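Novice:
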Amino acid sequence: GAVVSQHPSRVICKSGTSVKIECRSLDFQATTMFWYRQFPKKSLMLMATSNEGSKATYEQGVEKDKFLINHASLTLSTLTVTSAHPEDSSFYICSASRTGVTNTEAFFGQGTRLTVV
Amino acid sequence: GDSVTQMEGPVTLSEEAFLTINCTYTATGYPSLFWYVQYPGEGLQLLLKATKADDKGSNKGFEATYRKETTSFHLEKGSVQVSDSAVYFCALSGGSSASKIIFGSGTRLSIRP
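If you read the sequences in order, they're chains A and B.
Quick note on this note's numbering: the first sequence kicks off at 9 and runs consecutively.
Quick note on this note's numbering: the second sequence kicks off at 17 and runs consecutively.
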């Protein structure tokens, strides 16, 4: 199956700093990528939809200035958590939809556990 | 909007027991339905899917049938193993959600040896 790689898998940062998370589709082109956040023992909350070459579409309640998303190519989307605070600590997961396939095919990265101290 | 409701966990079973995790959905149009599994500390993996009514998805001994009349997609396995311990998410895509995937709240499954 298709592979989506997310990096880093774990990151610890100091409060006030910024952290960048990368999501790559390794063997297919993805015009659309999604970023999710998962709280402990909770489901995945869709944060934003990232479209190659255009601005991301954010879900209601998600601060676009805090969670910067860039989708510069068909194989790479990045999520930058700016001025991170302890409440931003969470598990972030990306997914990519494969180009040319119906909208039912999505592949997930391994996730990134962010801890802000 | 579209939504997915699945049974609350945690669910604890003995090895070789029969498993059912209920899932119902609300959607306009004709969504595709999925079950994803998340092992501890990992991302999500697609377990099985069904794209139209009466389709049965199956994988690793797990099965789920797309029931349009009851808007359900219950996950079943005849004999669970300790290695099946994980969190299971029911999800849908399509309908009014376009390419987004809408997830249920997840059900944590623990299997005792």
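Cβ atoms here follow ideal geometry from the backbone N, Cα and C, with glycine treated the same way.
These figures come from a predicted structure and were not determined experimentally.
1. Taking A:Thr90 as the reference, give the member of A:Cys21, A:Gly117 and A:His79 with the closest Cα.
2. Could you compute how far the alpha carbon of A:Asn111 sits from the alpha carbon of A:Ser105?
3. Within this structure, are the beta carbons of A:Ser58 and A:Ser17 separated by less than 8 Å?
4. Grab me the residues of A:Leu54's own chain with a C-beta within less than 7 Å of its C-beta, minus the 5 sequence neighbours each way, in chain order.
5. Quick one: Cα of A:Val109 to Cα of A:Ile77, how far?
6. Does any residue of chain A have a CB that is nearer than 8 Å to the CB of B:Gly45?
7. Under three-state DSSP, which class holds B:Glu79?
8. On the three-state DSSP scale, how would you describe B:Ser99?
9. Taking contact to mean at least 3 C-beta pairs separated by less than 8 Å, is the segment 93-110 of chain B in contact with the segment 22-32 of chain B?
10. Can you list, in chain order, the residues of its chain whose CB lies under 8 Å from that of B:Thr36, leaving out five sequence neighbours each side?
11. Please determine, among A:Phe36, A:Gly61, A:Ser103 and A:Phe75, the residue with the shortest C-alpha to C-alpha distance to A:Ser97.
12. Just tell me which of A:Ser62, A:Ser33, A:Thr88 and A:Ser13 has its CA closest to the CA of B:Glu58.
13. Can you tell me which of A:Phe99, A:Leu82 and A:Leu52 puts its alpha carbon nearest to the alpha carbon of B:Cys106?
14. Rounded to the nearest angstrom, what separates B:Met23 and B:Cys39 at their Cα positions?
15. Give the single residue among B:Gln54, B:Glu79, B:Leu60 and B:Thr86 whose Cα lies nearest to the Cα of B:Ala102.
16. Where B:Lys72 and A:Ser23 are concerned, what is the direct C-alpha to C-alpha distance, given to the nearest angstrom?
Specialist: Taking the definition as stated:
1. A:Cys21
2. Low local confidence applies: a pLDDT of 46 at A:Asn111 is under 50, so the model's placement there is unreliable, and no value is given.
3. no
4. Phe42, Tyr44 and Glu67
5. Reliability fails at A:Val109, whose pLDDT of 49 lies under 50, so the model's placement of it is uncertain and no value is given.
6. no
7. strand
8. helix
9. yes
10. His90, Leu91 and Glu92
11. A:Phe75
12. A:Ser13
13. A:Leu52
14. 7 Å
15. B:Gln54
16. 48 Å
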